[in-house]
Structure formats: C-alpha cells, structure tokens
Amino acid sequence: MTDKNGHLHAEDGAAIDDVDLSAYLDGELDPAARQRVAAAIEGSGLVARRAELFGGVDRAVARYADAMAAAALPARLCVRRMAAERRARRTRRMATLAAALALILVGAGGGWLGHGLFHRQSFAVRHFVEAATAAYQVYSVEIRHPVEVAREDRGHMVAWLSKRIDHRLPAPSLDAEGFRLVGGRLLPTRRGGAAAQVMYEDAEGRRVTLYAARNDSGARQAIRFFKADFSDAETAYWFEPEIGYALTGTVDRETLLKLANAILEGSDGA
Amino acid sequence: MTDFLADVEAAIPSLRRYALTLTRDVDAADDLVQDCLERALDKRRLWRPQGAVRAWLFAILHNRFVSDRRRDSRRGPHGPLDGAAEPAAVDDPVAAVALSEVGRALDALSPEQRAALLLVAVEGLTYAEAAAALGVPVGTVMSRIARARRSLSRALGEGPRLAQVK
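Chains as they are written, first to last, in the working numbering: chain A, 1 to 270; chain B, 1 to 166.
See below:
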C-alpha cells in the first residue's frame, strides 16, 4: 500500500520511502538500512515493483543520454590540442618577450626603434592599429555602455570572444598593474571579420583597451608603438602568427609596455 | 602530467553527455564543455591526484552551468524549446518515440533534480562526489534523486513506455 506520505509498506509494516529505495539502488545505504530495504523488496510485491520501476527510469534516462551524445566529438573539444596550443603560446611568448626586451635596450640607447619603423609597415598593419585606436576613441569615453559583457561574466566573455575571433583571447588580470577589467565587446573589422576589444581602467578612471583580431599575414612581430594622427592615445601593438594585438590608451609608453608585458605573460590564463 | 591529460580526455564523452542532457542545446553544451576543459587546464596545478579527475571535472562544469544560467536569467527568458537538441536517430522507431518522451519528462524536472540524477544514475558518481560537484549536502542530493525518479516514474508510467526502452 502507498500511504498519504508516499510510503510503501512492506508486509511487516516497515515504511520504505522513495529516498530509501533510491539510495538502495545507488548502493548508498549503510548495511543495516540496505538489509531492511532488501527484505522489503523480497517481501512485498509493491516495493519490488517500485524498485523495478525506478530501475526502468534509470535505464530510460541512460539510453536517452547515450542517444543525445551519439554524435562524434567536435574538434574544439580536443584537450590535447588545447594543451599543445598553450605550450606553443608559451614558447612564442618567450620569443616575443625577448624581442620586446631588445626593443627596450635599443630604446634606451637611441630612441624608439618602433616609431621609426612604422612607415615601412604595410597598409594592413596601419589599418589594424588605426582601427584599434578608433575603437578606443569611441568606447573608452562611454559612461553607461563601455562594454557589451561586463567583468562579472569574464568566463563567458572570454569564451564568446575567443570563439568569434577564432583564437583564445587573453584577458588576464592586470590588477597587479593597477588596472581593473571592465569587460569586452565584439567589433567588425574592415574585411568583415571579427575583432575583440577588452577594456581595463585604473583607479583614476583612465582606460586602456586591448584590441585583438586575426593576423592573416602569419608574420610575427615584437611590440612596437604607434600614435594615430586623429587621437591623443598611444598604441603598443604586436603580432603572433595567428593573431594581432593592439593595446591603446592615453597613458605613457612605459605604462603601455608594462601592461603589454603583463598581457603577454598572463595570456596563458594561468 | 600526461596522466592528467589522459584522464581528462577519457572524461570528455561523459562531460559532453552530461552537458547535452542537462541543457538539451548542442551549442550551449559544447561551450560548457570547452569552458570546463580550459578551466581544468588553467587549474591543473591545483588538482590533487587523490580524488577522481572525473568528479573534479564535473564540479568545474557544473559551476560554469550555474553561472551561465544566472547570467541568462538576468538577460530574460530564452525562446521556446523548439530548438532543443533531440537524440540522434535510433534504428528502432518505437524506441525513438519513447526517447523523445524521456526528453520531455526530463525537461519537466528542475535543473537541480536533473543534474543530481544524471550525475549519479548516468555518470556513476557517488552521492558524495555528486554533492561536491553540485555544492550541496549529501542529503540534498539523496532527496533530489528520489524526487527525480518519482516524477519520472509518474511521467513515464509503469506500463509499456518504459518497457520499450529497456
């Protein structure tokens, strides 16, 4: 019989509720309780039927779950590839850091090399850094809607933007450098591609933006500086074989370089 | 560390099965698993080999699920369940009908009940592991599973429908 509490009664009158029965089926009862439920199943057709019913439910759910997952795993869920990409990034980052250091040394000796080299850069590179500066110009002054996804949803923001730009986006904490994550947004590139903009700000409300988009040239380049004629902001930019970065802000170059290095170090997400 | 990767790799089909059955949305499920794997690689140094990697991964995945759901609820409701993922075609048409009924019955459960039942009954976690993954006491897991089985029994009935998917 089932009483008003949903308890099934074995022949000896001991109540076996769904929790007991359920835990019994999952092998989670202590020996005494296990024995009690086993005896109830043995002694009562009702309890036995309910146990059989619960077993049927489990089998149905398992069949359903297996059928849902029958399709092959998509390539993006390959953890070995993810791990290999991280190792490769670490190696590339060491190279970029070494190159950045060399630039600083040159800079200390005879002025910034990067600035002088800019006119030799291709149109595509110029467009890239100008687009980054323009995006900084437009969004860094926003009070109410500086970003589409705020820092509270950092995990989602990184996953979403990484997916759109088809590359893992670094959005490391720059707290140690005194800049706090504001959030990020998606932007179009000139050729209809996707670019990501991640914004940070310091305690005085000074903002910097990290702009990232695919680097179709495949060429690597260490950190260089650029200043667009339409803005007061400076940009530090660098390229990895798959992706280009531009860090823009109305701050001095030392600050930009410090932040750029922190991003390079932190882009592993560790 | 190679063992770690092998353990993670071995768990991926289970993680995906769980995410798919929990969300019934292929893109959302794959996002969830990808996110979980990235987090696991981020945190691999924090993982201590005494526990099962699998249970640890389910805990990471569940945390993401909860925070995504919190975000989505702030953004307002999703569209209708028309786009819900359906199980892949099964050879036996009778079984396929029964499976879509199982899907509807699972939808009627609360996500908390669904999660607890799937972790234990499908993925084989112990109550203690499921409790750790879901961040609730063992007693809560126990009653959620019982309630889930009770409402599924009611929805699927005792008769021929369950018999079809045995």
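Glycine included, each C-beta is placed from N, C-alpha and C at the ideal position. Just so it is clear, the structure is predicted and the values come from calculations on it, not from any experiment.
Cβ-based burial, residue i [other Cβ within 10 Å; buried from 16]
i                      : result
residue 143 of chain A : exposed
residue 30 of chain A  : exposed
residue 156 of chain B : buried
residue 138 of chain A : exposed
residue 140 of chain A : buried
residue 110 of chain B : exposed
residue 224 of chain A : buried
residue 104 of chain B : exposed
residue 73 of chain A  : exposed
residue 181 of chain B : In this structure chain B extends from 1 to 166, so residue 181 of chain B is not present and cannot be described.
residue 137 of chain B : exposed
residue 146 of chain A : buried
Cutoff 7 Å; reference residue i; Cβ partners in own chain excluding five residues on either side
i                      : result
residue 82 of chain B  : With a pLDDT of 41 at residue 82 of chain B, under the threshold of 50, the modelled position of this residue cannot be trusted, and the question is left open.
residue 221 of chain A : 238, 239
residue 115 of chain B : 22, 62, 134
residue 264 of chain A : 93, 96, 97
residue 112 of chain B : 144
residue 57 of chain B  : 8, 11, 15, 36, 40
residue 37 of chain A  : 16, 20, 21, 24, 29
Cut-off 8 Å between Cβ atoms - residues of its own chain near residue i, not counting five sequence neighbours on either side
i                      : result
residue 243 of chain A : 165, 167, 212, 213, 214, 215
residue 33 of chain B  : 12, 15, 16, 19, 61
residue 29 of chain B  : 16, 19, 20, 22, 23, 85
residue 64 of chain B  : 32, 35, 36, 39
Helix, strand or coil at residue i [DSSP, three-state]
i                      : result
residue 235 of chain A : strand
residue 192 of chain A : coil
residue 44 of chain B  : helix
residue 186 of chain A : strand
residue 283 of chain A : As displayed, chain A neither begins before 1 nor continues past 270, which places residue 283 of chain A out of reach and without an answer.
residue 229 of chain A : coil
residue 27 of chain A  : coil
residue 180 of chain A : strand
residue 157 of chain B : coil
residue 21 of chain B  : helix
residue 240 of chain A : coil
residue 208 of chain A : strand
residue 53 of chain A  : helix
residue 165 of chain A : helix
residue 112 of chain B : helix
heavy atom of the ligand GDP below 7 Å from residue i C-beta
i                     : result
residue 19 of chain A : As far as ligands go, the structure on display features none, and thus does not contain the ligand GDP.
task: Using a Cβ-Cβ cut-off of less than 9 Å, give me the residues of the region 57-82 of chain A that come near chain B, in sequence order.
output: Listed by position, the residues of the region 57-82 of chain A near chain B (Cβ gap below 9 Å) are 57, 58, 59, 60, 61, 62, 63, 64, 65, 66, 67, 68, 69, 70, 71, 73, 74, 76, 77, 78, 79, 80, 82.
- request: Compile a chain-ordered list of the residues in the region 9-21 of chain B whose CB is closer than 8 Å to at least one CB of chain A.
  value: Listed in sequence order: 9, 12, 13, 16, 17, 18, 20, 21.
message: Please identify, using Cβ separations under 7 Å, the residues of the region 140-173 of chain A that lie next to chain B, in order along the chain.
response: The residues in question are 153, 155, 156, 159.
- prompt: Which residues, taken in chain order from the region 21-44 of chain A, show a beta carbon closer than 7 Å to some beta carbon of chain B?
  reply: Residues of the region 21-44 of chain A whose Cβ lies closer than 7 Å to any Cβ of chain B, in chain order: 22, 23, 26, 28.
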